[in-house]
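Let me begin by presenting the structure, written as structure tokens, before commenting on it.
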Amino acid sequence: MRILAAMSGGVDSAVAAARAVEAGHDVVGVHLALSRAGGTLRTGSRGCCTIEDAMDARRAADRLGIPFYVWDFSERFRDDVIEDFVAEYRAGRTPNPCMRCNEKIKFAALLERALELGFDAVCTGHYATLVDGPEGLELHRASDAAKDQSYVLGVLNAEQLAHTYFPLGSTPSKALVRAEAEERGLTVAHKPDSHDICFIPDGDTRGWLAEKVGAERGDIVDRTGAVVGAHDGAHAFTVGQRRGLQLGVPAPDGKPRFVLEVRPVSNTVVVGPKEALATAEIAGERYSWAGRPQPAGPFACHVQIRAHAEPVPAAATLADGVLTVVPAEPFDGVAPGQTAVLYDGTRVIGQFTIDRTVSAVPIDA
């Protein structure tokens, strides 16, 4: 095949590109410039898509003997990922920018350009597996459960799966990938993995959002509506948060309170006991299916609500354009804006953005 290898400058994408070359494919490397800030630098494991990352990607491509280009996707990244992130927080939701980046940039904008240029597939260093099933390609978990990234790929549809290539999916461990990189003479063999939000490299999400959204003082209330404190901006709070609540009225039982809900319209934060974080039902209207037909009726599945959360057995129903999931055991601390990915064993069925949650604990409990 003619393969476009997305090279982030990390060890995973470098080894993925190397395996594509070794498999006999015609490979071209590309690094995505996602920021207009030319002086952006990497700090240890914080940040990605920086100048250092671009140079590391180029060195890896040179080592592999493949053509290499840098494509400027900064405008699309700003519009589809950063602005979406700000808008979601402004609306009181907790978004996952990695999901949006995969959905809108790596497997939409990049894949579209790749196909226009005559490439057959985009290769990435994601840890996931593609299986040729009776209904077409199926997206499955990686062999290495600790590195499995099928959750953040749950947004891919059948057409996108047909043009993707994940060479690392069957690798038993990340240690083997690093060892392979060293054997191949790739300088990124021991480069730290990036973490946190790539466009907030200092990790200060609250401070970054304060600049974008602005601070506006509001009330912190309990589940009955009684005012128990104040805040300087609802955007700074997420469901499940315990620290930094600045409560002036202690709970009747003296126990800690947690953020249960963020209401942007009234600029109010709702707090309550830890047990009230238990969620009996989630639902959403923005859903997609990963290479399988839309289900005609209720179906059993496992649901994962965070990248590294344990999947939970659940019953799912699609009716009137709303996908509703009821877990066998309540979820813990689910926030609107999170992504729920549905599995059948190791196979990804689909995903949806959570718009509504129902607490498992009544207010008067």
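Residues 1 to 365 in the numbering used here are what the sequence shown spells out, letter by letter. Each residue gets a CB set at the ideal place from its N, CA and C atoms; glycine is no exception.
Item, Value
"Under the three-state DSSP convention, the category P366 falls into", "Because the chain in this structure spans residues 1 to 365, residue 366 falls outside the shown range and cannot be described."
"Cβ-based burial, Y151 [other Cβ within 10 Å; buried from 16]", "buried"
"Beta strand (DSSP E) segment containing D219, residue limits", "G218 to V221"
"Distance, C301 Cα to T357 Cα", "18 Å"
"C-beta contact flag for V303 and L277 at 8 Å", "no"
"Residues near Y69 in its chain [Cβ-Cβ closer than 8 Å; skip 5 each side]", "V28, G29, V30 and H31"
"Nonlocal neighbours in the same chain, by C-beta distance under 6 Å from D232, ignoring five residues either side", "A215 and R217"
"Among L34, R2, P362 and V228, nearest to Y165 - alpha-carbon criterion", "R2"
"Cutoff 6 Å; reference A18; Cβ partners in own chain excluding five residues on either side", "L64 and R184"
"Short CB-CB distance (under 8 Å) between T164 and chain B", "Structure shown: chain B not included; a single protein chain is present."
"Range covered by the alpha helix (DSSP H) that runs through T205", "T205 to V213"
"Buried versus exposed, by CB contacts within 10 Å (16 or more), E103", "buried"
"Proximity winner among V177, A162 and H163, relative to G169 (alpha-carbon distances)", "V177"
"Contacting residues, own chain, Cβ-Cβ under 6 Å from E275 (five flanking each side not counted)", "V361"
"Local conformation of H231 per DSSP, three classes", "strand"
"From E281, Y89, R292 and H308, residue whose alpha carbon lies closest to that of T324", "E281"
"At least three beta-carbon pairs within less than 8 Å, the stretch 129-140 to the stretch 96-111", "no"
"Neighbourhood of R347 by C-beta distance below 6 Å, restricted to the same chain and skipping five residues each side", "E138 and H140"
"Where the alpha helix (DSSP H) through P97 begins and ends", "P97 to C101"
"Meets three-Cβ-pair contact criterion under 8 Å: the stretch 278-298 and the stretch 319-335", "yes"
"Proximity of G9 and V188 at Cβ, strictly below 8 Å", "yes"
"Proximity below 8 Å, CB of R90 to CB of H235", "yes"
"Segment limits, beta strand (DSSP E) that includes D344", "T339 to D344"
"Beta-bridge pairing of R184 - partner residues as DSSP gives them", "Paired residue(s): none; R184 is not in a bridge."
"Cβ-Cβ distance between T124 and V239 below 8 Å", "no"
"DSSP-derived helix/strand/coil call for F85", "helix"
"Integer Cβ distance of A181 from V21, believed to fall under 8 Å", "About 14 Å separates the two Cβ atoms, so there is no contact after all."
"Beta-carbon gap between D219 and V213 smaller than 8 Å", "no"
"Extent of the continuous beta strand (DSSP E) to which E281 belongs", "A278 to G284"
"A57 to P192 span [Cα, whole Å]", "14 Å"
"As assigned by DSSP and simplified to three states, the class of I349", "strand"
"Local conformation of I363 per DSSP, three classes", "coil"
"Start-end ranges of the beta strand (DSSP E) lying completely within the stretch 123-190, minimum 3 residues", "128-133 and 136-141"
"Rounded distance between the beta-carbons of D72 and A114, thought under 8 Å", "A114 to D72, Cβ: 15 Å. No contact."
"Residues bridged to F73 (per DSSP)", "None; F73 has no bridge partner."
"Straight-line gap, A162 to F258 (C-alpha atoms, nearest Å)", "44 Å"
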